[in-house]
Each structure stands twice: as structure tokens, then as C-alpha cells.
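Every letter in the sequence shown is one number past the one before it in the numbering used here, and letter 512, counting from 1, is 496. All residues carry an ideal CB built from backbone N, CA and C; glycine is no exception. What follows is a short report on a single structure.
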Amino acid sequence: MQALLWPNDEQFGPHAAFAGIWASGPFQGITGQRGGKGVPFQRVRLQAYKTLAVIALALALAVAAFPSIERIYLERASAAGENTLRIAVEGLSGSLERFQPMPGLIAERPILVDLLKDPDNEGLRPFVNEQLRLTAMSLGVSDVYLMDIGGNTIAASSYRKELSFVGRNFSFRPYFQQAIEGGLGRYFALGTTSGERGYFFASPVLDNTRILGVIAIKFTVDSFEEAWRGGASEILVTDLAGVVFMSSRPEWHFRTFGALGSREFARISRDRQYPLDRLIPFEIDRRTTGTLDRLTLDGETFVANEVPLATVGWRVLHLTPTAPARAQALLTLLGAVLLMLLTLLGWQIVNERRARAAERLEVQRQANERLERQVAKRTEALNTANARLTEEVEERKATEQRLRQTQRELIQAGKLAALGQMSAALSHEINQPLTAVKAYADNAATYLERDRIAEAADNVARISRMVDRMATLSGHLRNFARRPQDSVEPVDLSAIVGDALDLMEVRIAGVKARVDYTAPPAPVLVMGGRVRLQQVIVNLLSNALDAMQAVEEPVITIEIDHPAPDATRLLVTDIGSGLDEAVQDQIFDPFFTTKGPKKGLGLGLSISYNIVRDFGGSMAAANAPGGGAVFSVTLRSAETGDQTAVAAQ
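The structure is reproduced here in C-alpha cells:
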């Protein structure tokens, strides 16, 4: 700063100091020296004023534009929250609609009427308890319990638990009172026995037209809240009184939107609906501007989206914090201000360079020298990076090769696992003809001793047919168990389906299942691998049989069609319980299974999905229109001229 002092520094005061800073910055070389080659001081001072004015203008514009920009981001957050809220409401409504008719259906069981007529029947009561426990497990609810006309619980699915409903009186609950009057009872409350929040449905148990008692079910809401957690936003549900009974934040449970009136407080106390000591009102500030609803709870501000559930008298709210939107608005404004300042700085630099053309040539020469040195350094760094990249590419190739090898081993393990599942049935299938062969052989020997050549020849012919069948079955097993090649070539899909059905014939017959399949009259050529594609079809057939274990007359439908001129599709449909929409996106993930413990590793569909993808095809799963699930395998159709290659196989 001492080198920049002017003879009359005291006259200019702080402007002289600012000029010194300007000269030491991007406009270095503008010394402001009078009578020399530099720019006059007045010009430097004028540029400083212009810069300050532009900065002040940019800041003023930023302050004025901030509310509008913030509103844009808040409206985006509100639109995203609307979609999330719709999904949450659909999930709640779907569960309520699914569980609502259940008590009425359970109430139709005659055994409940028998127990209500004879509640002291100790021989009948354990059987009813166990029936209710199995019903609760199959429905996926926490409790199913039977109450007499006085509200005393005489049987419950929780009879094995320490906190059992048996012996407890629930006549104070509104759902009991509604059901005992002949209607559908429904209520949400904190359980007085289990301490768990849940929704209750109840129906009367009738003997002709006489009400003997009430059957009720309870399902907890923890699974909904678990699904809502993990995101930046919050979801909560309130009742008509404004009490929060479901929330992605546990600390909000039973908080209230406003103070409760004495009548509501007394009702909640009478019905024992909520813990009274936790009914604490929020500190609320709500402001609505146009379509934007801002809600402040205990000092934390959110963008609120709200949907009423009129059928149950609920309000479902989705709350998105405003802090991220404000941060995005600030970043946007900061970027705009910086862009303006950079534009101004660039304009000043260009203007100054025009005024100093001679010096610019020297600066350019020096810059070129620096650039050459930087290029040399960057080139060296680039060569080093290129070498590292080459090493990484080689390593990734090796890793990919290992992954392919692992996939082949996994496919082979899957086939061996399938063979293991069929081993008992196959052993029976082979032992039967072996026993018959021995009997026919003994008979043939006896016929020969008695010189009955015709009967002996007939027994030998039967032995030959049984040996041919065992040889066919052994051939299928050998082909299925061998390691497949990685090549993709034209194969006959209809023949592979036939082989898979032969391989699964024993298991299909063991569960008395019917297979509806009509083989096409001509070969159906697709691009794939015979052994691997056979494994895919065996997996689909096995999964279909597993899905229909509870079906009395299981049926599998197999169809082959052409959704496009260059595509062939195989459809395998069962009549089981179908696929839950919540797991359809995970159905092909490794180790994902809907079967019980020790009933599968969850690898069959994942292996099949990857096999089909390696063929250049696709695999999908959906619920069939008439019930059950349908799995589709879409493959590339092979050229008709490739039949020679298929015949060679």
C-alpha cells in the first residue's frame, strides 16, 4: 500500500486506499500515476464507483427476487408431496377395505355360535382359541378375539401370550357397542392390554337373528409408519378431534392440533382411546397463500399437503420441510449474483486489456510459456491417469470374468437344488418300474420253464418299455444337470417346454396338478441356450406349484405367443394367491423370497431373470386377471432358416 500513495492522499481520503486495492487486484498495472503511462486516478475511482453500484444493485435484486424464487421451490416440494401423499392414502385405504369384511366372514363360523351358547365348554374353548390364532396368522393381523354379549373375551388368538385378551372386558370400546347393536364396529385406539396402537373392526355373531356376541380383529399400524420413515418429509394422520395417532415421527404420537374441549377429553378418557398425559397441543402457525400451505409445528416450518379420508373421519397430512427449499433458493440467487459479478469483472478486464495492448502482448507471451509448462504437467498427469485407467480396465475385465464364472456356478447350484427337491419323487418313479421289471423277469423265467413262449415274450416287451421310460427320464436328468455353454443359438422352445414337463412330471403328479398346454404343431425357434432355458422353465413350474399348495385342484397354464414379429413369449400362469403389489418390484432380486423359513433361498427367479437377460430377452411378473400370478419370458425369435442348427442339437 505504501507504493500506491499519492502526493495528495489526504485530499482523496479513503478513495485513495480503495484505488490501491483495485490496482493490486485483477486490474494490476493501473497505478493511477499522473503524467505516466497509467490510467488517471479519476478513471480508477469512477470504475470503483461503478463496481460498487453494480454489486449493490445485484444484492437489491437478489433480496427482491428471493420470495418469488423460494415460492417456486416450495411449490415443487408441494407437488412432490402431493404424489407421496396420494400413495400413502391409497395404501391406508386399501388396507382398510381389505380388513373391513373380515369380521363378518369370521362371524359366520358355527363353532363361534357353539362356544357363545356354551362358554364353559372346556373341550371346545381350546379348539376355538387355536382356530382364531390360525386365522390371525393367515390374515396378517395382530389379534382376533370373541366376546360375549357383556363384552367379556371368551376366546382369542393371543391365548398363548402372557398378555392375553382372554378374560378381559371391552364393553367400553365403541366398536363393541356398534357391533352389539347389529352394525359394523370400527375404531382406532391404543390397546389397553398390548399397549400397541391399532385399528379395530368388529361384527356381531348371530344365531339366526339373535345376537350372541361380537367377533373383532385388530391390525397394527407400525408397518405403515415404517414405510413412511427414511425420507426428508413427514406423514401423519389425525382423527376428527385433531389427535395424531399415526406419524412417521414417533414423538408426535398423540399430539393434538389445538387444545381439546372438555367433552372430547371426557370421551377419550371414557373410551380409553389414548393416553391422557400425552395429549399435548402443538404450537401451530398456519399460513395459506394461493395453493401453498405453510404449517409451523413447534417452531419447525413445513409445506403441508392434506387429504381427508371421509369414510373413517381421518385427515392425512404430508409435511415437507421448507429449509431445503430456502437453501436451494439462496444457492440460485448466489449463483445469479456471482454470474453478474463475473460478467462485470470480465467486461472490465477486456476493457482494460484493450487500453493496454502493448502490455497484453507481453502478458500473453508469459501466459503462453506458463501454458506450455502446464500442458507438459497435464500431459504427464494424463499419461499417468491413462496408465491407471488401463490397469482398472484390465481389473474390471478380470472381475467381470469372475462374476460370469460365479453366475455359472450359481446357475448350476440352482439346478442341483431343483434336482434335490425332486430326488424323492424321482427315486419313487424309478423304483416302481424296477420292481415291476423284476416281477416281469421272474414271470418270464417261469413262462420259459413251462414252454409258454408268447407270455414270456410279452413280459420281455413290457420290461423293454419300462427300461425305455427310465432311460428317457435319466436322459432328461443328465441334460438338465450338465453345465450349459455360454453360447446363444437357435433352439426349439416347444421342445424345451416338453422336456421340462417330462422332468417335472413326477412332482406335478404328486400334487395332482393339471397342466393346460398344447404344443405348437411346428418348432418355435428362439435365441437362447437349451439347458439354461430348460432351467428357467423348471424354475417357473416349481414356483407355480409352490404358490398353489393351498389350492385343492391346482392348474398350470402354459402358452406361447408372438407379441411382436421378432419376439416370442412364454406365459406360465397359476391359480394361487397372486403377487403382493408391495413386493412385485423385488420379485427378481437375489435372496428375496415370499416363502417361509427354510423353504428357499430366493435365488430361483433371480437366476432365471439373469439367464433370460443374457439371451437378450426379458422376464416379467404380474397378477393374472382371473387370480393367481403370470410369469412371462420374452425371447428374440430366431430365423426360420436356422432349423438345421436346431435339428443338429
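One question on the structure: do residue i and residue j come within less than 8 angstroms of each other, judged by their Cβ atoms?
| i | j | result |
| --- | --- | --- |
| I544 | T552 | yes |
| V481 | I521 | yes |
| G135 | S155 | yes |
| V617 | V291 | no |
| G611 | I559 | yes |
| V228 | R239 | yes |
| P87 | A173 | no |
| I53 | A313 | yes |
| V641 | I164 | For the chain, the structure presents residues -15 to 633; residue 641 sits outside this window and is missing. |
| L141 | L116 | Strictly speaking, residue 141 in this sequence is Ser, with Leu absent from that position. It is a contact, given that the beta carbons lie within the stated cut-off. |
| F286 | P265 | no |
| R270 | T176 | no |
| A91 | P188 | yes |
| S79 | L293 | no |
| A497 | V539 | yes |
| N289 | G75 | no |
| N105 | L99 | yes |
| D132 | P103 | yes |
| V596 | I542 | no |
| G297 | D223 | yes |
| F599 | V472 | yes |
| S621 | D550 | yes |
Below 8 angstroms on the Cβ atoms is my guess for residue i versus residue j; work out the distance and round it to an integer in Å.
| i | j | result |
| --- | --- | --- |
| I195 | G166 | 6 angstroms |
| F208 | Y183 | Contact flag wrong, Cβ pair sits at about 10 angstroms. |
| L147 | S178 | 6 angstroms |
| L524 | D476 | Contact doesn't hold; Cβ gap of about 18 angstroms is too wide. |
| L303 | L279 | 7 angstroms |
| V125 | F160 | So it is not a contact: roughly 17 angstroms between Cβ atoms. |
| G562 | A479 | That pair is no contact at about 30 angstroms. |
| A61 | A309 | 5 angstroms |
| I437 | V421 | I437 to V421, Cβ: 20 angstroms. No contact. |
| Q332 | Q31 | 7 angstroms |
| L589 | G601 | The pair is not a contact, with the Cβ atoms about 15 angstroms apart (cut-off 8 angstroms). |
From the DSSP secondary-structure annotation, give me the bridge partner or partners of residue i.
| i | result |
| --- | --- |
| K202 | D127 and F184 |
| V614 | T557 and A606 |
| T272 | D277 |
| I195 | L190 |
| I540 | V499 |
| I219 | H302 |
| F572 | DSSP lists no partner for F572. |
| V510 | V475 and S621 |
| D426 | None; D426 has no bridge partner. |
| T68 | T68 is not bridged to any residue. |
| P265 | T240 |
Can you tell me where the beta strand (DSSP E) with residue i in it begins and where it stops?
| i | result |
| --- | --- |
| V475 | E473 to D476 |
| N607 | S602 to N607 |
| S231 | V228 to S231 |
| N136 | First-last for N136: undefined, no H or E at that position. |
| P292 | E284 to L293 |
| G179 | Here G179 belongs to no beta strand (DSSP E), and DSSP marks it neither H nor E. |
| Y171 | G169 to L174 |
Output the boundary residues of the alpha helix (DSSP H) element that contains residue i.
| i | result |
| --- | --- |
| V596 | G588 to D598 |
| E248 | S246 to D255 |
| P94 | P94 to K101 |
| G330 | A307 to A339 |
| V522 | R514 to A531 |
| L89 | M86 to I90 |
| A163 | P158 to I164 |
Does the beta carbon of residue i sit closer than 8 angstroms to a beta carbon anywhere in chain D?
| i | result |
| --- | --- |
| V515 | Looking for chain D here will not work: only one protein chain is present. |
Once you ignore the five residues that flank residue i on each side, which residues in its own chain have a CB closer than 7 angstroms to its CB?
| i | result |
| --- | --- |
| F576 | Q570 and G586 |
| L244 | A225 and L263 |
| S171 | One detail in the question is off: residue 171 reads as Tyr in this sequence, not Ser. These residues qualify, in order along the chain: R157, P158, Y159 and F184. |
For residue i, collect the residues of the same chain with a Cβ closer than 6 angstroms to its Cβ; drop the 5 residues on either side in sequence, then sort them by chain order.
| i | result |
| --- | --- |
| A608 | T557 and V614 |
| V252 | First, the residue type needs correcting, since residue 252 is Ile and not Val in the sequence shown. Excluding sequence neighbours, I252 sits near Y258. |
| N153 | G135 and N136 |
| R337 | R344 |
| Q162 | G169 |
Looking only at its chain, what residues have a beta carbon closer than 8 angstroms to the beta carbon of residue i, apart from the 5 residues adjacent to it on each side?
| i | result |
| --- | --- |
| E284 | P305 |
| I39 | L325 |
| T119 | I90, V128 and S141 |
| L276 | R55, L58, E59, S62 and V287 |
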